[in-house]
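Visitor: For what it's worth, my numbering labels the leading residue of the sequence shown as 2, then goes sequentially. Here a beta-carbon is modelled for each residue, glycine too, at the ideal position from N, C-alpha and C.
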Amino acid sequence: MRTLIEYIRSCLCKHDWELLFNTDIMDGDKLFNSIKVYRCRKCGLAKRYKAR
């Protein structure tokens, strides 16, 4: 039930994203993976994005 309430709350929010973490994972000299975590300042919803 909590998941449903959080989903509905996130659908109604006009998100104001802030960057929490910007992590680069290196394999030797080359970039292996990049992870960015954003959080909405209004509702607290967090999103994680990976780039390879």
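In whole angstroms, what is the alpha-carbon distance linking residue 50 and residue 21?
Guide: Here residue 50 is taken as the residue at index 49 of the sequence shown, counted from 1. Here residue 21 is taken as the residue at index 20 of the sequence shown, counted from 1. Cα to Cα, residue 50 sits roughly 12 Å from residue 21.
Visitor: Once the 5 residues before and after residue 35 are set aside, which same chain residues still bring their CB inside 6 Å of it?
Guide: The residue given as residue 35 occupies position 34 in the sequence shown. For residue 35, where only same-chain residues beyond five positions count, the Cβ hits under 6 Å are 25, 52.
Visitor: Residue 20 by DSSP, collapsed to three states: which one?
Guide: Working through the sequence shown from its first residue, we reach residue 20 at position 19. Strand, per DSSP.
Visitor: Unbroken beta strand (DSSP E) runs of length 3 or more, entirely within the region 19-51: which are they?
Guide: List check, beta strand (DSSP E) in window: 31-41.
Visitor: Which two residues bound the contiguous alpha helix (DSSP H) that contains residue 3?
Guide: Taking the first residue of the sequence shown as 1, we reach residue 3 at position 2. From DSSP, the alpha helix (DSSP H) with residue 3 extends over 3-13.
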